[in-house]
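For reference, each letter of the sequence shown is one residue, going 8 to 144 in my numbering. Just below is one structure, and these are the notes that go with it.
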Amino acid sequence: MSINVIRFQSRKYAAIVLVLFGMMNVFVVLCSSAMTKNNMKELKVKKINAVGLQVDALPALLDKENVAFVPITNVNWAGEYPYRPEVSFRLAYADNAFLLHFKVKEGSVRARYGNDNGSVWTDSCVEFFVIPGGDGI
Numbered sequence: 008m009s010i011n012v013i014r015f016q017s018r019k020y021a022a023i024v025l026v027l028f029g030m031m032n033v034f035v036v037l038c039s040s041a042m043t044k045n046n047m048k049e050l051k052v053k054k055i056n057a058v059g060l061q062v063d064a065l066p067a068l069l070d071k072e073n074v075a076f077v078p079i080t081n082v083n084w085a086g087e088y089p090y091r092p093e094v095s096f097r098l099a100y101a102d103n104a105f106l107l108h109f110k111v112k113e114g115s116v117r118a119r120y121g122n123d124n125g126s127v128w129t130d131s132c133v134e135f136f137v138i139p140g141g142d143g144i
């Protein structure tokens, strides 16, 4: 799955990149490459009210709002890194926040780095990156 444009009501983001690192394997799972109509897929992201939301209440809120999980099935460099954990995510937004819920299932989890600026990319982890669309919003 490759998603080049994600629309948040009136805001447009040029790219959202989710990077999954697992056991030294690097997977760029959602990325932006070309902004052409022929190459563009869209993920419609629902706006929800999250005023006063506590982190542990996020899954229940997304359930209540019927925000579905999207599986991540693309693996770059599959020949070099054939291992792929089961990963899905769901995404919504509020006035001042992205609301992202990952679901990851893998055989074993590696966690050696716990310090800021440590080499966490060599551990099992999932990351989220966003690039604003340059529209000044």
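Where a beta carbon is used, it is the ideal one built from N, C-alpha and C, also for glycine.
What are the boundary residues of the beta strand (DSSP E) that includes residue i?
| i | result |
| --- | --- |
| Ala104 | 104-112 |
| Leu98 | 93-101 |
What does the Cβ neighbour count give for residue i, buried or exposed, with the cut at 16 atoms within 10 Å?
| i | result |
| --- | --- |
| Ala57 | buried |
| Ile79 | buried |
| Gly114 | exposed |
| Ser126 | exposed |
| Glu134 | exposed |
| Ala99 | buried |
| Val94 | buried |
So residue i is in the alpha helix (DSSP H); what residue range does that whole segment cover?
| i | result |
| --- | --- |
| Leu65 | 65-71 |
Compute the Euclidean distance between the alpha carbons of residue i and residue j, then round it to the nearest angstrom.
| i | j | result |
| --- | --- | --- |
| Ile55 | Asn124 | 33 Å |
| Val52 | Lys112 | 24 Å |
| Gly59 | Asn103 | 12 Å |
| Ala85 | Val74 | 29 Å |
| Phe105 | Val77 | 16 Å |
Which residues in the same chain as residue i place their Cβ atom closer than 7 Å to its Cβ, once the five residues preceding and following it in sequence are excluded?
| i | result |
| --- | --- |
| His108 | Leu65, Pro66, Leu69, Phe96, Arg97 |
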